[in-house]
Amino acid sequence: MKYRLLPLMLALLLFLSACGSETPAATDRPWDLEVEYGDSGVTAVAWDYGWNLRTEAAVTPTQAEGGDPLGQLASIPFVNKSKTGTLKLKFAIQPESLTVSCYTNADGYAEAVSVDPSGKDNAIPVPTEAGSYLFEATAQWTETEEAQAWGSCTYYFRYLPEGDTGEQVGELSLYRLLKLTPDDLFGVEFFDNGQNQQKTLTTVADKTAVLEFLQQNLATDFSQIQTPTLEAAFVLRLAVTDGSQLTIGYIPLEEGAGLLLSGVPYAAGTMDLQTLWDGLGAKAVSLESETPSDVLETSEDDPGAAYDDNFIYGFLRALDGTVTVDQVQWTEDEDEPNGYRIEAGETGKTYELAEDCAYWILQDHYKPFCRVEQDTLWTWAQTTGWDVVFRLYLKNGQVAAIVEQYQP
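Numbering (the numbering used here), first residue to last: 166 to 573.
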């Protein structure tokens, strides 16, 4: 799935388009919809579609259904409101018909309002009222003798307040974080992964230092990027008194840095978190990465092989009589530096645990697999300094096993 484009990439795309680039090759997926907004943009997600691809041998149909978008907002890309710019909907191939609707959270996304696109760029009005918006665009390409591909597709993208990252229930967005006071913070966990150490910040002075650092260093507009690793050098886990929380990972890069929000990397400027770490009053505690002492058994083979291939990937957010996860999509991709990519999915999803649910972690996050008690797995997930990906195996609507996923 494509997300927000870097300005330079978008400018190049528009330049090539203006110079009359060749018609893109037809595939078994609908044409891309690029949402241009000032000097930034995003690729809308193709949600529901019925598509036909003509080859020399035959016409191959493809169907896709994305489910209820209102329950999966975290997987829908967005642009942030800015002072300039017009929303323009640009297709690789212009459709024969296009209808656009807009849902606003002022009414809980309950009712859609029709929007009339105009001009060759399908320009649509920028919302003037405060709040977040969900746009739905349905395009139709008709079958002709010359057409290599045709069909219909419904796309979605969001339009959010400046700096908002589209938080869901139980989440804390950077947009809201930058408006907090120290009294709003319940606590902060700060991890130095290079030294394998953790600091737990509880004093007003330490929480103030962290908030002031973030407010001075964090931008309020975000562009997703590709990084050679998803393992952060420093991690901040912040919890607010209302129960919301946010994990921020910092990845130094050759140019600038990456910022991990719910496991998804965004472009960020260079930040001196080492100086922040050194200046805090909280005591540093060593994080042991050795195998826990209460291991029940070990296995060189993946224990997930003993279960049906019905599982989801996710980050653990709560674990007791039930398990709550922020789901992610794990996609094998040889073009990525480590052979895979992780994309955000539905957040705050809760499942019942089977009475005999098995819990497996990876020694040193590599191997072998170690079966442990529930409390040990939860502690293991919370003291790594980054979000650990787990596989949750489902059986009869319950989680039968939770297995740590190896991340190269």
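All C-beta atoms in this analysis are idealised placements derived from N, C-alpha and C, irrespective of residue type, glycine included.
Distance between beta carbons of residue j and residue i, contact taken as under 8 Å
i	j	result
Pro430	Gln380	Not really, about 21 Å apart at Cβ, beyond 8 Å.
Ala397	Tyr415	5 Å
Leu418	Thr392	7 Å
Leu403	Leu343	Not quite, the Cβ-Cβ distance comes to about 12 Å (not below 8 Å), so this is no contact.
Gln305	Ser262	4 Å
Neighbourhood of residue i by C-beta, 7 Å cutoff - its chain only, sequence neighbours within 5 removed
i	result
Ala447	Lys364, Thr365, Leu366, Asp371
Ser451	Asn361, Gln362
Glu311	none
Thr463	Pro533, Phe534, Cys535
Trp212	Gly231, Pro234, Thr319, Tyr320, Tyr321
Val369	Pro347
Gly359	Ala398
Phe555	Gly479, Leu481, Ile567, Val568, Glu569, Gln570
Cutoff 8 Å; reference residue i; Cβ partners in own chain excluding five residues on either side
i	result
Pro468	Ala523, Trp525, Phe534, Arg536, Ala566, Val568
Asp286	Glu201, Lys253, Leu254, Lys255
Val244	Arg169, Val200, Tyr202, Ser205, Gly206, Val207, Leu252, Phe322, Arg323, Tyr324, Leu325
Val564	Val488, Tyr516, Glu517, Leu518, Ala519, Cys522, Leu557, Tyr558
Gly620	In the structure displayed, the chain extends from 166 to 573; residue 620 sits before or after that span and is not available.
Tyr472	Tyr558, Lys560, Ala565, Ala566
Ser186	Its pLDDT being 46, under 50, Ser186 is placed unreliably in this model, and the coordinates cannot settle the point.
Beta-carbon gap between residue i and residue j smaller than 7 Å
i	j	result
Gly206	Ser247	no
Trp196	Ala288	no
Ala191	Leu198	no
Thr489	Thr515	yes
Thr307	Thr319	no
Leu484	Trp545	no
Glu499	Tyr505	no
Leu235	Thr225	no
Asp193	Thr220	no
Nearest candidate by alpha-carbon position, reference residue i, set the options
i	options	result
Asp437	Thr487, Thr293, Ala374	Ala374
Ala422	Leu395, Leu403, Thr412, Trp442	Leu395
Gly231	Val224, Ile258, Tyr321	Tyr321
Gln572	Asn561, Gly562, Val553, Lys560	Val553
Gly444	Glu517, Pro457, Glu465, Glu377	Glu377
Phe480	Gln528, Gln547, Asp540	Gln547
Glu327	Ala295, Thr307, Gln305	Ala295
Thr541	Gly359, Asn358, Thr303, Leu461	Leu461
Gly250	Thr435, Thr264, Pro290, Gly352	Pro290
Glu465	Gly352, Gly486, Thr435, Tyr531	Tyr531
Gly284	Gln259, Val369, Ala211, Thr435	Gln259
Asp459	Gln410, Val369, Glu538	Glu538
Glu508	Gly215, Pro242, Val369	Pro242
Trp442	Glu354, Phe555, Trp216, Leu411	Glu354
Gly352	Gly486, Asp329, Leu411	Leu411
Ala215	Ala229, Ala223, Ala222	Before going on, a small fix: residue 215 reads as Gly here, not Ala. Among Ala229, Ala223, Ala222, the Cα nearest to that of Gly215 is on Ala229.
Sequence-distant residues of its chain with Cβ nearer than 6 Å to residue i (five each side left out)
i	result
Gly510	Ser240, Gln492, Val493, Gln494
Asn561	none
Leu425	Ala397, Gly414
Ile477	Gln492, Leu557
Pro189	Ala257
Thr237	According to the sequence shown, residue 237 is Gln rather than Thr. So the qualifying residues of the chain are Glu511.
Leu475	The displayed chain sequence assigns Asn, not Leu, to residue 475. Contacts found: Leu559.
Gly486	none
Ala223	none
Indicate whether the contact test is met: 3 or more Cβ pairs, each with one atom in the stretch 274-284 and one in the stretch 348-365, closer than 8 Å.
-> no
Are the stretch 304-316 and the stretch 347-359 touching by the rule of at least three beta carbon pairs closer than 8 Å?
-> Judged by Cβ distances under 8 Å, the stretch 304-316 makes no contact with the stretch 347-359, as fewer than three pairs qualify.
Three or more C-beta pairs closer than 8 Å, one from the stretch 293-303 and one from the stretch 263-272: is that the case here?
-> Judged by Cβ distances under 8 Å, the stretch 293-303 makes contact with the stretch 263-272, as three or more pairs qualify.
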